[in-house]
Structure formats: C-alpha cells, structure tokens
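Structure first, then comments.
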Amino acid sequence: MKTSEKLIQRYCAAERINHWIVAVCFVLLAISGLAFFYPAFFWLTGVFGTPQLARIVHPFVGVVMFLAFARQFFRYAHHNLINKEDVTWMMSVKEVMKGNEVGDIGRYNGGQKGMFWVMVLCMILLLVSGVIAWRPYFAGYFPIPIIRVALLVHAASALVLIASIIVHVYAALWVQGTIRAMVEGVVTHAWARKHHPRWFRQVTGKETGH
Amino acid sequence: MALQSLDILRRSATPTPTPQARNPQEVAKLIDTTVCIGCKACQVACSEWNELRAEVGTCVGVYDNPTDLSSQAWTVMRFNEVEEKGKLEWLIRKDGCMHCADPGCLKACPSPGAIVQFKNGIVDFHQENCIGCGYCISGCPFNVPRLSPADSKAYKCNLCSDRVAVGQEPACVKTCPTGAIQFGSKEDMIEVAQTRITDLQSRGYDQAGLYDPAGVGGTHVMYVLHHADKPALYSGLPDNPSISAVVGVWKGMLKPLATLGVAAAGLFGFFHYITVGPNRADDEDEADHGTPPAPPAQGTKHKERENAL
Ligand code: HEM
Ligand code: SF4
Ligand code: SF4
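Protein chains in written order, with the numbering used here: chain A, 15 to 224; chain B, 51 to 359.
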C-alpha cells in the first residue's frame, strides 16, 4: 500500500460481514435454484451432496439470506431514495457506460439505487412465493392454483435477480477500486471524487449542504 | 427402478430420447361407475398388492374412508348423493391417477427420472429419484400425487406397472366382484365402453358417455358415466381437465426468456469490458485535492478511446 494513499471508510466491518452473508447465501440459492429450473443443470444439486439435500437446504438458506438482506435494507434504504439527479443519471446511462461521470453524484448513483429497489422487490417476491411452495411445511396450507402461481413468480423473480446480480457484480469489477470498499471497507479519495463527488465533499467536510 | 420390459416414452427433466424401440399396445383401465357398488374391494386389493396400510380412520358420516388419497392410499372410493330428474342417485367413483397421455406431473417434475411415462401409457413415479419438491402435485390437473410424511417422496397409483409388465391386470381389476373395472388395450376398452353406453342410453340415461378427456391428450384410466355431461357430479371430477396455463408458462416460455436475460447480462459485461475497458479513478486526480473536478466534457473520454483503437 502506498503511504501517500488517502482513504475514506465506506463500509464498516459489520456492514461487510452482512454483505458477504447475503452474497454467499445468494450463490448457494442460485446454484440449487438453477438446478431445479434447468434439467441440464440438475447436476449442480451435487454441490449440496445429494439432490434431496439441495431441495431441503434451499429454503432455509433463503430465509437466512432474507433476514440478512432485511438488515441491509434498513441500513441503506434512506440512502437510496431516488431524486431528480438519479433520473438524469438513468437517462444518460449511455454516457456512463463509456466511462464518463454524469451529474454531481452522492453516496449512490441512479444505477445503484435502481438496483437496490429491484433487489428489494425480488427478495420480497422470492420469500413470499418460496414460503408458499415450501414442502412439507407450508405448501399444504395453500390451494394448488396459488402454489402454481407462486412457483411461476418464484422462478421468474429468481431469474430477474440473478441477471441483476450479474450486472451488480460486473459494475463492481468495472469501476476499479469498488471491490475494495466491500472487502477492506475503504475507497481512495480519487475513487470517491470521481464517482461520488457530492458524497466525497460531505465525508471530507470540504463542503456542506446539498 | 425401471422395468426393463417396459419402454419409456417420456422421463421427467430429461430432454434427450429414452429407450423406445419396442412397440407395445397402449393399455387402459375402464371404470364403469354405473356398475360399481362401492364395496371397496379394489381399495383393499391395492393396499395388499402394493403393501400399503392407510391409518384406520373414523366414520365421518359418509362411506368415504380413507377420506382422501395419501401415500398409503393410492385409490379411494368417493361417494356423492345427487338429485337428477327428481330421483336420488348415489354416484360412486373410484378416484386415483388417470395416467394422462399428457401428464402434468411429469411436465412439472424437476428431477430426472423421478417420473416416467411408459410407452404403454402408464405414468409411474420412481421414488429413488424423487427430491420431495411436490411440483408434481401442482402440475397434476386431477389433484392426485401425495407426499409421504415418512420419506418426503411422492406416491400415487402406478396402474400396477409391475403386474402389467408380466402380462397381468392391475390388482383392483382382478378383485372387482361386479366387473366394474376392466383392463385391456385402450382400443378394446373404448369399444367395451361404447357397447355399455349404447345400452345405458337405451335405458333412459341419454347423457351416458365415456370420460377420456382430450385436454390431457386422453387418459389411460377411463370412466363410463351416467351423466357424462356433468362430470363434476362425481365428487368433483373436472369437466375439462388440462395442464394449467400457469404451469405451461412456468415450464415453457419462461425458460428461453430466462436464458436470454441471463445470457444477455453476462455477454454484455464481457463485451463491455473488452471494448470500453475498466473505469479507473486516475492517481493524478489526487494532486489537486482542494476542489472536486469539474464534470468531464461529455464524450471526451470516449473520443480519446476511439483514437486509441
Ligand atoms: C427468500 C427465501 C427463499 C425461499 C423461502 C425459497 C424457497 C424455495 C422453495 C421451497 C423452492 C422449491 C424447491 C425446494 O423445496 O427447495 C424453491 C425453488 C427455487 N428457488 Fe427459491 N427460495 C428463496 C430464495 C431464492 C433465491 C434468492 C433464489 C435465486 C437466486 C431462488 C431461486 C430458486 C429457483 C430458481 C427455484 C426453482 C424454481 C423452479 O423449479 O422453477 N430462491 N425456492
Ligand atoms: S392424473 Fe395426475 S398424477 Fe396421474 S398421470 Fe395425470 S397428471 Fe400425473
Ligand atoms: S415430488 Fe418427486 S416426483 Fe414430484 S415433482 Fe418433485 S421430484 Fe418429481
């Protein structure tokens, strides 16, 4: 590490642990879920020992992930309220894709905020539909037509979430220095100034307001 | 366990062809509700041959016992009293798997080989491959499969596939004292049914008919009904059963759509990275730490990159 490097704390240890609990649960859920969804990927159930174990474990991991995500929701929801700046950002994603910054971005940009709410929606749909389809404990309490809808909603929202997470992971890889925020908890001044100038000014006290 | 003498037409969660060189006749069981006396000999025969013992229930005020299908009761008699043309009728139906030509259970099942459809038409569950998800229960238009509380595996009538494989009729057929259940090739059973229906129609049951619903491609268990125009009278036999449209979308269209979405996300990331390249916050920016940089002129960086290419 360069001695001259100036760092800002972005996520504390508790936040990082929370994030990686959700991430690990998500990967386990995606592996087992895709195995049930695509016959050609059924072998992925082997990751859990046997297909039966994969089926039994999946919903329990789902509940753990949901609870951990709920903690994140209450941490970050107030940072993710969408404002005019974010709408401008979303309208100019083409420019952003080219590597140009758009607008005076705070702690999160329009894309991150949009992603946050997509995740919230998917998590709720997945939990509700997952519980309805959960055998042998809960499915018996619901009429079969409801379970059918739950299974469709569960698979559809799972696939939306998986595609979204691919974008989420890619964005973190693409914007260099971002992974460090969630691994070591810190970002460089340069990173903050380039990608989140308003947040940078707020945390460094270089400017108040906004 | 697959029965070597029975070729397999379809196997759950298996897109490639299954062994099917042999050309057996399609079989069918014909249940004549107009002959059945509700003695439940078939229920007993089923439990004996398949070594099942449902709990001895209590009388709930009607003859139904057990009151529902279960992993220990693959067939149950359902009794219903209705008034038709001012006369009381006692309609008795032997409920169980219909062995659909287009089985919703098999369509829904995610586990390879947990459900097979033999070429002779029998739909069989192979419990050693079952993962206990219960998707088959949602897929079935007749509400037939049941999970066992003992092992979380799905069970239902297998039309005595083991007996049929060695040229015998199902246990219920063999036992029925009135001849209300018959077994043979599907072609023959339709013929037998037609003779019976003509007879019934000549004796006042002008709506008598065969229940072999086209919505599921026909079934390999068929009923002769006095009131074929109102199957629901027979303890809720569906009028026009077919695989639910919701199950159709879930197991159909959703898959290519999902593949497209996930592949698009992955490919976009890959090609974006190898064309645009990483988004770095350059170290030089560190130098002028007083004021935040003015937003770069739109498109500048893009132009630079184009020049570099
Ligand atoms: C939030 C809590 C969750 C619960 C309670 C839950 C529950 C379930 C249940 C009960 C099943 C049926 C199979 C089984 O019994 O194991 C299932 C299937 C599935 N789950 Fe989840 N799950 C949850 C979260 C997730 C997440 C986050 C994903 C995606 C990453 C996911 C993806 C899937 C997929 C793709 C299937 C297969 C659907 C199909 O066969 O079409 N689940 N889930
Ligand atoms: S009646 Fe239900 S369980 Fe039997 S073959 Fe048809 S769909 Fe499957
Ligand atoms: S419970 Fe068993 S037979 Fe039924 S769909 Fe699931 S794996 Fe297939």
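Every residue gets a Cβ at the ideal spot worked out from N, C-alpha and C, and that includes glycine.
With 16 other CB atoms within 10 Å as the buried threshold, where does S252(B) fall?
Label assigned to S252(B): exposed.
Is the separation between the beta-carbon of G76(A) and that of L165(A) shorter than 8 Å?
No, the Cβ-Cβ distance between G76(A) and L165(A) is not below 8 Å.
So, helix, strand or coil for S106(A), using DSSP?
The answer is coil: DSSP assigns S106(A) none of H, G, I, E or B.
Determine which residues of the segment 191-204 of chain A have a Cβ less than 7 Å from any Cβ of chain B, and write them out in chain order.
Here the close residues are G191, T202, H203 and A204.
So does K206(B) have its beta carbon nearer than 7 Å to some heavy atom of ligand 2?
Yes; taking the cut-off as 7 Å, the Cβ of K206(B) has a heavy atom of ligand 2 nearer than that.
Threshold first: 3 residues or longer. Then list the beta strand (DSSP E) segments lying entirely within the segment 156-218 of chain A, N to C.
DSSP runs (the beta strand (DSSP E)) wholly in the segment 156-218 of chain A: 200-202.
Please list the partners that N193(B) has in chain A, where partner means a Cβ-to-Cβ separation under 8 Å.
Neighbours of N193(B) on chain A, chain order: I158.
In whole angstroms, give me the CA-to-CA distance for I231(B) and K79(B).
Approximately 7 Å between the Cα atoms of the pair.
Three-state secondary structure (DSSP) at R246(B)?
If DSSP states are grouped into helix, strand and coil, R246(B) belongs with the helices.
Exposed or buried, what is E19(A) when buried is set at 16 or more other beta-carbons lying within 10 Å of its beta-carbon?
Its Cβ having fewer than 16 others within 10 Å, E19(A) is exposed.
So, with DSSP's three-state summary, where would you put F168(B)?
Three-state result, F168(B): strand.
DSSP state of F192(B), grouped into three classes?
Coil.
The alpha helix (DSSP H) that contains Q66(A), what's its start and end?
Q66(A) -> alpha helix (DSSP H) spans P65 to Y90.
Is K144(B) near ligand 3, going by C-beta to nearest heavy atom under 7 Å?
Outside the cutoff, so no.
Select from V174(A), F40(A), F152(A) and I193(A) the residue whose C-alpha is nearest the C-alpha of L135(A).
With distances taken between Cα atoms, L135(A) lies closest to V174(A).
Using the Cα positions of F88(A) and V312(B), report the straight-line distance between them to the nearest angstrom.
Distance between the alpha carbons of F88(A) and V312(B): 29 Å.
What residues of chain E sit near S202(B), judged by a beta carbon separation below 9 Å?
Among the protein chains in the structure shown, which are A and B, there is no chain E.
Going by alpha carbons, who is nearest to C86(B) out of F321(B), I142(B), L283(B) and P191(B)?
When each option's Cα is compared against that of C86(B), the closest is I142(B).
I need the straight-line Cα distance from E336(B) to L317(B), nearest angstrom please.
With a pLDDT of only 47 at E336(B), under 50, the local geometry of the prediction cannot be trusted, and no value is derived from it.
Just the C-alpha distance for L197(B) and C186(B), rounded to the nearest angstrom, thanks.
C-alpha separation (whole angstroms): 10 Å.
For A186(A), which residues of its own chain have a beta-carbon under 6 Å away from its beta-carbon, when the five flanking residues on both sides are left out?
Cβ within range, chain order: T192 and I193.
Ignore the nearest five residues each way along the sequence and tell me which others in V200(A)'s own chain have a CB closer than 8 Å to its CB.
Cβ neighbours of V200(A) beyond the five flanking positions: L21, I22, Q23, R24 and R194.
Would you say M53(A) touches ligand 1, meaning its beta carbon is less than 7 Å from a heavy atom?
For the sequence presented, residue 53(A) should be read as Pro rather than Met. No, Cβ of P53(A) sits at least 7 Å from all heavy atoms of ligand 1.
Would you kindly report the start and end of the unbroken alpha helix (DSSP H) that includes R213(B)?
S211 to A215 is the span of the alpha helix (DSSP H), which, as asked, contains R213(B).
Spell out whether any CB of chain A is found under 8 Å from the CB atom of E336(B).
Here E336(B) scores only 47 on pLDDT, less than 50, and its place in the model is too uncertain to base an answer on.
Among P73(A), L81(A) and A28(A), which residue has its Cα nearest to the Cα of S143(A)?
Here the closest residue by C-alpha is P73(A).
Sort out for me which residues DSSP pairs Q122(B) with in a bridge.
Note: Q122(B) sits in no beta bridge, so no partner.
Relative to chain B, which residues along the segment 168-186 of chain A have a C-beta separation below 7 Å, given in chain order?
The residues in question are A169, A170, L173, I176, A177, I180, V181 and Y184.
Just the Cα atoms here: how many angstroms apart are V271(B) and I172(B)?
Looking at the two C-alpha atoms, the distance is approximately 9 Å.
Compare the C-beta of S188(B) with all C-beta atoms of chain A and state if any pair is closer than 8 Å.
Yes, contact with chain A.
Cα-Cα, which of D249(B), A215(B), V126(B) and I181(B) is closest to T64(A)?
If we check each option's Cα against that of T64(A), I181(B) comes out closest.
Among P191(B), A282(B) and H322(B), which residue has its Cα nearest to the Cα of T269(B)?
Answer by Cα proximity: P191(B).
Do A331(B) and W103(A) have their C-beta atoms closer together than 8 Å?
Contact: no.
Residues bridged to W34(A) by DSSP?
In the DSSP output, where bridge partners are listed per residue, W34(A) has none listed.
May I ask whether a heavy atom of ligand 3 can be found less than 7 Å away from the beta carbon of K137(B)?
K137(B) Cβ: outside cutoff for every heavy atom of ligand 3.
Distance, Cα to Cα, I176(A) vs V41(A)?
One C-alpha to the other measures close to 9 Å.
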